[in-house]
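J.:
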Amino acid sequence: MKKFLLACSLLFAVAGFAQNPIQYLLVGTYTTGGKSEGIYVYRYNPNKNEATQVSVAKGVENPSYLAISRDQKFVYAVNENHGDKGGEVSAFALDKTKGELVFLNKQLTGGDDPAYVTVDSTGKNVIVANYSGGNISVLKTNADGSLQPAVQTISHDGYGVNVARQEMPHPHSVVLSPDEKFLFVANLGNDRLYRYAFNANDATNPLTPLDPPYYEVPDGSGPRHFTFHPNGKFAYLLNELAGTIIVYEYNNGTLKEIQTIVSDNTNSKADKGSADIHVTPDGRFLYTSNRATANDIAMYKVSSDGKLAENGHQAVGMHPRNFMIDPTGRFLLVANRDSNNIQIFIINKNFGILQDSNTKIDVPMPVCLKMVPVK
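Going from the sequence shown to the working numbering is simple: count from 1 and add 1322.
#1: Here's the rule: buried if 16 or more other CB atoms are within 10 angstroms of the residue's CB, otherwise exposed. What is Glu-1489?
#2: Mapping the DSSP letters down to three states, classify Asp-1593 as helix, strand or coil.
#3: Between Asn-1662 and Lys-1682, what straight-line distance do the alpha-carbon atoms span, to the nearest angstrom?
#4: Could you please give the first and the last residue of the uninterrupted beta strand (DSSP E) stretch that includes Pro-1534?
#5: Please classify Ala-1465 as buried or exposed, where buried requires at least 16 other C-beta atoms within 10 Å of its C-beta.
#6: Ordered along the chain, which non-local residues of its own chain (more than five positions away) have a Cβ less than 6 Å from that of Glu-1422?
#7: Buried or exposed: where does Met-1693 fall if 16 or more other Cβ atoms within 10 Å of its Cβ makes it buried?
#8: Considering only their Cβ atoms, is the gap separating Phe-1556 from Val-1569 smaller than 8 Å?
#9: Can you list, in chain order, the residues of its chain whose CB lies under 7 Å from that of Asn-1427, leaving out five sequence neighbours each side?
#10: When the distance is taken between beta carbons, is Gly-1634 closer than 8 Å to Met-1646?
#11: Look at the alpha carbon of Ala-1616 and the alpha carbon of Ser-1590, and state the distance between them as a whole number of angstroms.
#12: Alpha carbons only, please: which of Lys-1357, Ile-1361, Thr-1354 is nearest the one belonging to Leu-1348?
#13: Rounded to the nearest angstrom, what separates Met-1323 and Tyr-1387 at their Cα positions?
#14: With a cut-off of 8 Å, do at least 3 Cβ pairs link the stretch 1501-1514 to the stretch 1474-1492?
#15: What does a CB cutoff of less than 7 Å around Phe-1326 pick up in its chain, not counting 5 residues either side in sequence?
#16: Closest to Gly-1381 by C-alpha separation, out of Asn-1401, Ile-1666, Pro-1368, Asn-1342, would be which residue?
#17: The beta strand (DSSP E) that contains His-1635, what's its start and end?
#18: Alpha carbon to alpha carbon, how far is Leu-1676 from Ala-1637? Give it in angstroms, no decimals.
#19: Given this structure, state the Cα-to-Cα distance separating Pro-1688 from Thr-1353, to the nearest angstrom.
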């Protein structure tokens, strides 16, 4: 096992704080074209400032995005494949005693290159965005966490102005509203943010399109990831191709645009590549990752009306496809795919600025980070 101790500056960052639960850090990766063996599990201690590898779930292909059930018993991973095999999603039981993922089964998602997966709070519905399939699908679960075949698949139509990236619909994320009454789907390929009513107990058609069924964004934006403010009153859409964030007021399934602000400040449109977006648990700060030539984390202050104010950029490794904020809100972890590592940053609690702890966890092609308490 490998152990990675955080820098001395990190000790100062946690001084004076109450003890926080030790977490399992789950790392989704690409297994094609690299040395990754699957999903890596680390024991992450925010009090002692260390991360220790405890296991690897081997034999799972391209587990590029993960979702953890509300009861923390199960983990679902997309298998980002295409062609004859098609996209799949795999189910695992999480053995918290050993820190291991036990494979249960896998099912076809009904579309190529699934890029995002979420599971509702009941644990009965696993929802997948099939990027190259141009559709989304819902799979029901069994009592043991295993997956049934997809019960609903919804195809999108249309295309965008970017002929290289928007030749067809490309759903890139599926996000439930805080009350789980609605599902939002960011579609990079046709510049739309779809919305659906969600009924967890419907056995065959849990998703119903609303009227209107989607919101349009400016041509060539390329919507990628979507998230809500912790207070549930605001929502934020990150556009990959335009390198922008659209800020919305949110109320019961309805969005009202109130601001657009730059995420990727690279001069050339061709060089933009915004990827992921998260808000701190206290709702005071928001961050986005930018790939391509930027390779940074953009930082923002969040005002009481939900609008954003730029707060600088922090350089990171190569291709930060995904990142996460730990449950304490004190640390930000970045998955640098092409640097084959995870960087840990300290979040300044007063100003939201990131401080590099100079700590890197070596992981082959990391692209998704999730945490779950050990106990």
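Even for Gly, the Cβ is constructed at its ideal location relative to N, Cα and C.
T.: Reading from the atomic positions:
#1: It counts as exposed.
#2: Reduced to three states, the DSSP call for Asp-1593 is helix.
#3: Distance from the CA of Asn-1662 to the CA of Lys-1682, rounded to the nearest whole angstrom, comes to 9 Å.
#4: Per DSSP, Pro-1534 belongs to the beta strand (DSSP E) from 1529-1538.
#5: Per the 10 Å Cβ criterion, exposed.
#6: Setting aside the 5 residues that flank it on each side, Glu-1422 is surrounded in the same chain by Ser-1377, each with a C-beta closer than 6 Å to its C-beta; the list follows chain order.
#7: Flag for Met-1693 reads buried.
#8: For Val-1569 and Phe-1556, yes; Cβs fall inside 8 Å.
#9: So the list reads Ala-1413, Ser-1468, Leu-1469, once near-sequence residues are dropped.
#10: Not in contact: Met-1646 and Gly-1634 (Cβ atoms no closer than 8 Å).
#11: Going from the Cα of Ala-1616 to the Cα of Ser-1590 covers about 11 Å.
#12: Of the candidates Lys-1357, Ile-1361, Thr-1354, the one whose C-alpha sits nearest the C-alpha of Leu-1348 is Ile-1361.
#13: Confidence is the limiting factor: at Met-1323 the pLDDT is only 47, short of 50, which leaves the residue's position unreliable and the question unanswerable from this model.
#14: Output reads yes: the stretch 1474-1492 touches the stretch 1501-1514.
#15: Any reading at Phe-1326 must be qualified, since the residue scores a pLDDT of 44, below 50, and its modelled position is unreliable; no value is offered.
#16: The closest CA to that of Gly-1381, considering only Asn-1401, Ile-1666, Pro-1368, Asn-1342, is found on Asn-1401.
#17: DSSP places His-1635 inside the beta strand (DSSP E), whose first and last residues are 1630-1637.
#18: Whole-angstrom Cα-Cα distance: 10 Å.
#19: Pro-1688 and Thr-1353: Cα-Cα distance of roughly 10 Å.
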